[in-house]
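Here the structure comes first, spelled out in structure tokens, and everything after it is commentary.
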Amino acid sequence: MPDRIKVRDSSADPETSSHIPVRQLYGDSDLDGWDYDQQLGYPGDFPYTRGVQPTMYRGRLWTMRQYAGMGDAEESNKRYKYLLAHGTTGLSVAFDLPTQIGLDSDHPLAAAEVGKVGVAIDSIEDMERLFDGIDLTKISTSMTINATAPILLALYVAVARRKDVDVRKLSGTVQNDVLKEYISRGTYIYPVERAMRLVTDLFAWTNENVPEWNTISVSGYHMREAGATAVQEVAFTLGNGIAYVQAAMNAGLDVDMFAPRISFFFNAHNNFLEEVAKFRAARRMWAHIMRKKFGAKSPRSWMLRFHTQTAGSTLTAQQPENNIVRTAIQAMAAVLGGTQSLHTNSFDEALSLPTEQAARIALRTQQIVAFESGAPNTIDPFAGSYFIESLTDEIEKRAAEYLGKIEGLGGMLKAIERGYVQQEIQNAAYEYQKAVETGEATVVGVNRFAQESEKQVPIQRIDESLERNQVERVRALRAKRDARRWKQAMEAVRDAAGSSENLMPRILTAVEAYATVGEISDAMRGVFGEYQEAVVI
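In my numbering, the protein residues as written are 3 to 539.
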């Protein structure tokens, strides 16, 4: 090493968000013993460190999505058409909390929550209004829904049927990742084993009936929002993925039939280079897991395809315009990490649901990265970087250690039941918050570079009358539907829940008979029961 380079004592080195020390300089010695074919390879080839497609963005850009949903179906439909008119290439639906936990809009527990953090969907009529005037064959639709995922997918398919669309040509993703609900979000309904049965039922039915649909989006995003580090995000997301694959195989499904439709959902956080390395490590790890652990033979089963959303938890109410810069950095990390799909957060989301102007700026951020930055012009531009490759290896090593601990506890379901995963994330969140409060970690505009008086930015407000209207709609639907047809459909759902029959055909028949999300969820609650979170002492 040349004398002019003075390397600092390692004890003073900064760290990534996962507490990986970052030295001042990296070089050849950091890649000693490296097997380029085993660890790097070529884009589109196992182990996909450099990307799942041989041409990546030279062949096709990532899908530009903007997560949206508010109030009722009409309000959300307007926002979708606005985004499509401004260049969005895929829709991403946000549902309100009652819809997420299987409560109709007129349920007492839904009061004041209807349409607040997403769109309220109670019935097939709502889903029709949501996609009114939108050609379902021309877009892919991502639905962020988990405990009630089978019902919402059934509603989407039912609407497509009404539009005379060939449902085998529908493309999109349903999140359907219930395990992370028990870990980090809490919008679960049923006991874990029962919820997993719904996941695998959806896998099997969709494989036969909607083959272009991604049956699950295994989500690290929400765990990262809850405070997980980058390493934990990789480890716990892949741990959940392993649990889903095992459950599907235990249900008798052929791994190479369902695995190609598994997708993933990651967070893009602020530590730019660590995020790039994180995505590369996750791809490589999943390829080895699928080939070695599960014996998958198809290369499509080995590929980790993922959607990315920029980090909502990094957005600040103070100096909210700074969030535009944060989002741009995070979006660039996702692109340089090889994402297949991207949502960029709006700068005002620490204050409210995004306004149209803020959503447009977020979309323009993606478009500037795509068409002005030059980032998509070459495939995996960081490959061979001493630092990136070293960091990718270290993330993989540390994530593998976590997976080893989880396996020792009996697998991901046991680790969740024991509270291990939750506790690890809580510890990481506590450490970070303490670092912010002591000033060890800087948040620009919050604990450094703050200003006393700030101008107010316009915020999105939900019309309170929308909730009243939605309640009236669902009650009117119950009054006008064919009661006999509805009753027969609901009995069929209950019977299927109590047997080993696949529930999806029964749920589809029920939504076509105007059964509501809450009613179908209650029918399964009556058979499955409800999950009660264990108190970990």
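Ideal placement from N, C-alpha and C gives every residue a C-beta, glycine not left out.
Going by the C-beta, is residue i closer than 7 Å to any heavy atom of the ligand GDP?
i: R293; result: The model on display carries no ligand, and the ligand GDP is accordingly not part of it.
Using DSSP's beta-bridge definition, name the partner residues of residue i.
i: I264; result: I218
i: Q311; result: N269 and H345
i: L93; result: Q68 and T143
i: E17; result: P23
i: V121; result: F97
If you draw a straight line from the C-alpha of residue i to the C-alpha of residue j, how long is it?
i: Y59; j: G71; result: 29 Å
i: R450; j: A430; result: 22 Å
i: L111; j: E514; result: 26 Å
i: N325; j: E358; result: 16 Å
i: E403; j: M287; result: 12 Å
i: V9; j: R25; result: Any answer about V9 is weak, because its pLDDT of 48 lies below 50 and its placement is not dependable; what the coordinates show is given next. Those two C-alpha atoms are separated by around 8 Å.
i: M3; j: D30; result: In this prediction, M3 scores a pLDDT of 43, lower than 50, which makes its location untrustworthy; no coordinate-derived value is stated.
i: R163; j: V95; result: 20 Å
i: E210; j: A250; result: 15 Å
i: E374; j: F389; result: 26 Å
i: A149; j: Y533; result: 11 Å
i: R196; j: G243; result: 17 Å
i: G528; j: R496; result: 8 Å
i: E183; j: T91; result: 28 Å
i: T312; j: K482; result: 43 Å
i: I7; j: A253; result: Annotation note: pLDDT 47 at I7 (below 50); position unreliable, coordinate value reported separately. So the two alpha carbons sit approximately 59 Å from each other.
i: A2; j: I185; result: Examination of residue 2 is not possible in this model, given that the chain is present from 3 through 539 alone.
i: V212; j: V167; result: 12 Å
i: Q472; j: R366; result: 33 Å
i: Q321; j: V446; result: 9 Å
i: Y223; j: R486; result: 43 Å
i: A289; j: D134; result: 40 Å
i: N178; j: Q424; result: 20 Å
i: P152; j: G413; result: 25 Å
i: H271; j: Q332; result: 6 Å
i: L155; j: V176; result: 7 Å
i: L42; j: T51; result: 6 Å
i: L240; j: V257; result: 16 Å
If you run the structure through DSSP and keep just helix, strand and coil, what is residue i?
i: M129; result: helix
i: M58; result: helix
i: F349; result: coil
i: P4; result: Because P4 sits at a pLDDT of 47, beneath the cut-off of 50, its placement in the model cannot be relied upon, and the following sentence gives the value as read from the coordinates. Residue state, collapsed to three classes: coil.
i: S142; result: strand
i: M66; result: strand
i: H290; result: helix
i: S1; result: Missing from the structure shown is residue 1; the chain here goes from 3 to 539 and no further.
i: R10; result: Confidence in R10 is poor, its pLDDT being 48 and thus under 50, which makes the residue's placement unreliable; the coordinate value appears in the next sentence. Three-state DSSP puts R10 in coil, outside helix and strand.
i: T318; result: coil
i: V423; result: helix
i: T175; result: strand
i: Y50; result: coil
i: V116; result: coil
i: V445; result: coil
i: V519; result: helix
i: T357; result: coil
i: I103; result: coil
i: S387; result: coil
i: H109; result: coil
i: M305; result: coil
i: G528; result: helix
i: P378; result: helix
i: A253; result: coil
i: T231; result: coil
i: Y44; result: coil
i: Y533; result: coil
i: D258; result: helix
i: D30; result: helix
i: G135; result: coil
i: D37; result: coil
i: D395; result: helix
i: H224; result: helix
i: E323; result: coil
At least three beta-carbon pairs within less than 8 Å, the segment 332-339 to the segment 272-281: Flag = yes, the segment 332-339 and the segment 272-281 touch.
Contained alpha helix (DSSP H) runs [length at least 4] in the segment 447-503, N- to C-terminal order: Within the segment 447-503, complete alpha helix (DSSP H) segments of at least 4 residues are found at 467-482 and 485-499, given in chain order.
Stretch-stretch touch, CB-based, cutoff 8 Å, three pairs: the segment 458-478 with the segment 350-369: Enough Cβ pairs lie closer than 8 Å, so yes.
Continuous alpha helix (DSSP H) assignments of at least 4 residues falling wholly in the segment 147-212: For the segment 147-212, whole alpha helix (DSSP H) runs of length 4 or above, ordered along the chain, are 151-164 and 194-211.
Touch test, the segment 307-316 against the segment 212-227, Cβ-Cβ under 8 Å, three pairs minimum: Flag = yes, the segment 307-316 and the segment 212-227 touch.
Any 3 or more C-beta pairs closer than 8 Å across the segment 482-494 and the segment 507-521: Here the segment 482-494 makes contact with the segment 507-521; the two share three or more CB pairs at distances below 8 Å.
Stretch-stretch touch, CB-based, cutoff 8 Å, three pairs: the segment 132-143 with the segment 97-117: Output reads no: the segment 97-117 does not touch the segment 132-143.
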